[in-house]
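**Student:**
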Amino acid sequence: MKIAFVGKGGSGKTTLSSLFIRHLAAARITVVAIDADINQHLGPALGLDEEEAAALPALGAHLPEIKEYLRGANPRITSAEAMIKTTPPGHGSRLLRLLEDNPVYAACARRVTFDEGGTAGSDGDRGSDPDAASGVRLMVTGPFNEADLGVACYHSKVGAVELCLNHLVDGRGEYLVVDMTAGSDSFASGMFTRFDLTFLVAEPTRKGVAVYRQYKEYARDFGVSLAVVGNKVQGEDDLDFLRAEVGDDLLVTVGHSDWVRAMEKGRPPRFELLEDTNRRALRTMHDRADEAYGARDWARYTRQMVHFHQRNAESWGNARTGADLTAQIDPGFVLSESLLTVPAHA
Ligand SMILES: Nc1ncnc2c1ncn2[C@@H]1O[C@H](COP(=O)(O)OP(=O)(O)OP(=O)(O)O)[C@@H](O)[C@H]1O
Ligand SMILES: [Mg+2]
Numbered sequence: 023m024k025i026a027f028v029g030k031g032g033s034g035k036t037t038l039s040s041l042f043i044r045h046l047a048a049a050r051i052t053v054v055a056i057d058a059d060i061n062q063h064l065g066p067a068l069g070l071d072e073e074e075a076a077a078l079p080a081l082g083a084h085l086p087e088i089k090e091y092l093r094g095a096n097p098r099i100t101s102a103e104a105m106i107k108t109t110p111p112g113h114g115s116r117l118l119r120l121l122e123d124n125p126v127y128a129a130c131a132r133r134v135t136f137d138e139g140g141t142a143g144s145d146g147d148r149g150s151d152p153d154a155a156s157g158v159r160l161m162v163t164g165p166f167n168e169a170d171l172g173v174a175c176y177h178s179k180v181g182a183v184e185l186c187l188n189h190l191v192d193g194r195g196e197y198l199v200v201d202m203t204a205g206s207d208s209f210a211s212g213m214f215t216r217f218d219l220t221f222l223v224a225e226p227t228r229k230g231v232a233v234y235r236q237y238k239e240y241a242r243d244f245g246v247s248l249a250v251v252g253n254k255v256q257g258e259d260d261l262d263f264l265r266a267e268v269g270d271d272l273l274v275t276v277g278h279s280d281w282v283r284a285m286e287k288g289r290p291p292r293f294e295l296l297e298d299t300n301r302r303a304l305r306t307m308h309d310r311a312d313e314a315y316g317a318r319d320w321a322r323y324t325r326q327m328v329h330f331h332q333r334n335a336e337s338w339g340n341a342r343t344g345a346d347l348t349a350q351i352d353p354g355f356v357l358s359e360s361l362l363t364v365p366a367h368a
């Protein structure tokens with residue numbers, strides 16, 4: 023299951039991603055969490071202190087190794103340098119699975135565990151034992167720092183996430199949760215089409231709802247499945263506003279949370295002490311996400327990655343690499359659930 027959290031800046035994407043991740047982890051569900059926002063806040067929201075968050079390896083910094091690994095023995099991809107963020111997998115490529123150990127996780131993921139008190143710890147990747155207590159794997163694109171100003175674009179960092187998503191085979195009941203960048207920046211790549219379900223976090227304000235409308239419009243042509251989570255909703259008036267503006271796309275609402283406020287102060291209570299209404303909201307989101315799996319269409323998913331690769335190849339990739347990157351497309355290859363099992367010869 024691939025899940026994204028999007029919405030206006032400050033709407034609560036990171037907060038709700040982190041609560042959803044904690045909810046899944048508490049249910050002992052396999053989770054890989056990715057912070058793909060320019061402002062990297064997911065680590066702290068999962069309870070890491072500043073030092074631990076700063077020590078997280080950046081996906082963007084490992085791009086050459088990631089490409090080399092994913093390329094595998096795919097004869098259509100002649101070198102890691104010829105691989106761009108949209109290069110699709112084909113026969114011979116290596117795929118990623120949520121429940122496995124692989125060099126990409128070894129280099130870029132750190133396990134975050136939640137102890138009884140609700141605080142977290144990052145223990146390198148030593149805790150990669152799937153039986154480890156309610157831990158999740160966390161990957162981050164890496165901060166957009168001063169050294170990047172004027173030379174690197176944020177999208178080149180997010181490219182690593184797009185590449186990983188396109189090489190991921192995941193099944194029912196295991197989760198990839200991505201905290202995305204604010205507003206319509208998500209449309210700068212094909213990444214918005216990579217999810218079984220996109221939670222659009224909206225405050226009951228005109229701006230919050232405007233992002234929803236824009237997202238819905240972009241998403242329509244690509245069959246993106248969208249569910250609105252109202253956040254910071256206080257009272258009937260807020261609820262009426264969201265119902266009127268969002269209609270049936272409104273899945274659930276979350277109110278002001280004292281638990282979240284305590285967490286922000288660096289003193290997270292035990293997760294089971296999260297307010298009942300908010301726990302129920304997370305359960306509703308979880309059910310909706312599970313439902314979305316039934317609507318998954320692997321063939322369409324593969325077609326869309328090919329579509330975005332063609333567009334990227336033609337608009338800049340071919341010129342950049344001096345090769346026809348559309349030759350990387352393997353017409354006979356379709357991602358599917360059957361690839362969840364690693365072939366014996368891999
Ligand atoms: N339900 C809630 N109850 C209490 N505080 C909340 C709630 N939702 C969000 N907040 C607070 O609102 C602020 C913004 O939330 P958050 O950082 O999750 O938003 P965001 O959409 O990820 O922002 P950005 O666009 O900067 O990434 C944070 O201080 C957060 O703790
Ligand atoms: Mg955020």
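Here the sequence shown is numbered in my numbering, starting from 23 and rising by one per residue. Virtual Cβ for every residue (Gly too), placed ideally from N, Cα, C.
Reducing DSSP to helix, strand and coil, say where ALA49 ends up.
**Tutor:** coil
**Student:** Can you have a look at PHE217 and say buried or exposed, based on whether 16 or more other CB atoms are within 10 angstroms of its CB?
**Tutor:** buried
**Student:** By Cβ distance, which residues of its chain are closer than 8 Å to GLU184, with the 5 residues on each side in sequence left out?
**Tutor:** LYS107, THR108, SER211, GLY212, MET213 and ARG216
**Student:** Where do the N-terminal and C-terminal ends of the beta strand (DSSP E) with GLY252 fall, by residue?
**Tutor:** 248-252
**Student:** List in chain order the residues whose CB is within less than 7 Å of at least one heavy atom of ligand 2.
**Tutor:** LYS35, THR36, ASP59, ASN61, HIS63 and ASP201
**Student:** DSSP three-state label for LEU273, please.
**Tutor:** strand
**Student:** For ALA104, which residues of its own chain have a beta-carbon under 8 Å away from its beta-carbon, when the five flanking residues on both sides are left out?
**Tutor:** THR343, ALA345, LEU347 and GLN350
**Student:** Comparing the CB of GLY29 with every heavy atom of ligand 1, is any distance shorter than 7 Å?
**Tutor:** yes
**Student:** Once the 5 residues before and after TYR315 are set aside, which same chain residues still bring their CB inside 7 Å of it?
**Tutor:** MET23, ARG194 and ASP218
**Student:** If contacts are defined as beta-carbon pairs under 8 Å, then VAL231 and GLU267 qualify, I think. What distance do you get, rounded to the angstrom?
**Tutor:** 4 Å
**Student:** Using only the heavy atoms of ligand 1, determine whether one of them is closer than 7 Å to the beta carbon of ALA204.
**Tutor:** yes
**Student:** Do SER33 and ligand 1 come close, with the Cβ less than 7 Å from some heavy atom?
**Tutor:** yes
**Student:** With a threshold of 16 other CB atoms inside 10 Å of the CB of HIS113, please say whether the residue is buried or exposed.
**Tutor:** exposed
**Student:** Distance check for SER40 and ALA335, CA to CA, integer angstroms please.
**Tutor:** 35 Å
**Student:** Counting C-beta neighbours from all protein chains within 10 Å, is the total for ASP123 16 or more, i.e. buried, or is it exposed?
**Tutor:** exposed
**Student:** Between LYS254 and ligand 1, is the CB less than 7 Å from at least one heavy atom?
**Tutor:** yes
**Student:** Confirm, please, whether the CB-CB distance from LEU264 to LEU272 is below 8 Å.
**Tutor:** Their beta carbons are under 8 Å apart, which means LEU272 touches LEU264 by this criterion.
**Student:** Quick one: what does DSSP say PHE263 is sitting in, helix, strand or coil?
**Tutor:** Helix.
**Student:** Excluding sequence positions up to five away, which residues of its chain have a Cβ less than 6 Å from the Cβ of LEU81?
**Tutor:** Cβ contact annotation for LEU81 (same chain, cutoff 6 Å, sequence separation greater than five): CYS130, MET161, THR163 and ALA182, in chain order.
**Student:** In the structure shown, what three-state DSSP assignment does ILE106 receive?
**Tutor:** Here ILE106 sits in coil by DSSP.
**Student:** Using only the heavy atoms of ligand 1, determine whether one of them is closer than 7 Å to the beta carbon of SER279.
**Tutor:** yes
**Student:** Out of curiosity, what's the CA-to-CA distance linking ASP309 and ASN300?
**Tutor:** 14 Å
**Student:** Whole angstroms is fine: what's the gap from LEU222's alpha carbon to GLU239's?
**Tutor:** When rounded, the distance between both Cα atoms is 13 Å.
**Student:** Would you tell me roughly how many angstroms separate the C-alpha atoms of VAL246 and LEU362, rounded to the nearest one?
**Tutor:** 23 Å
**Student:** Closest by CA to ARG44, which one among LEU190, PRO290 and SER337?
**Tutor:** For the set LEU190, PRO290 and SER337, the Cα lying nearest the Cα of ARG44 is the one of PRO290.
**Student:** Relative to the C-alpha of THR135, which candidate in VAL158, ALA284 and ASP270 has its C-alpha closest?
**Tutor:** Ranking VAL158, ALA284 and ASP270 by Cα distance to THR135 puts VAL158 first.
**Student:** Can you tell me which residues form a DSSP beta bridge with TYR20?
**Tutor:** The structure shown has nothing for residue 20, since the chain only spans 23 to 368.
**Student:** Do VAL251 and ligand 1 come close, with the Cβ less than 7 Å from some heavy atom?
**Tutor:** no
**Student:** Only counting the same chain, and skipping five residues up and downstream in sequence, which positions put a Cβ closer than 6 Å to that of ALA26?
**Tutor:** Cβ within range, chain order: VAL200, MET202, PHE217 and THR220.
**Student:** Compute every distance between the C-beta of ARG283 and the non-hydrogen atoms of ligand 1, then say whether any falls below 7 Å.
**Tutor:** yes
**Student:** Taking only three categories from DSSP, how would you classify VAL356?
**Tutor:** If DSSP states are grouped into helix, strand and coil, VAL356 belongs with coil.
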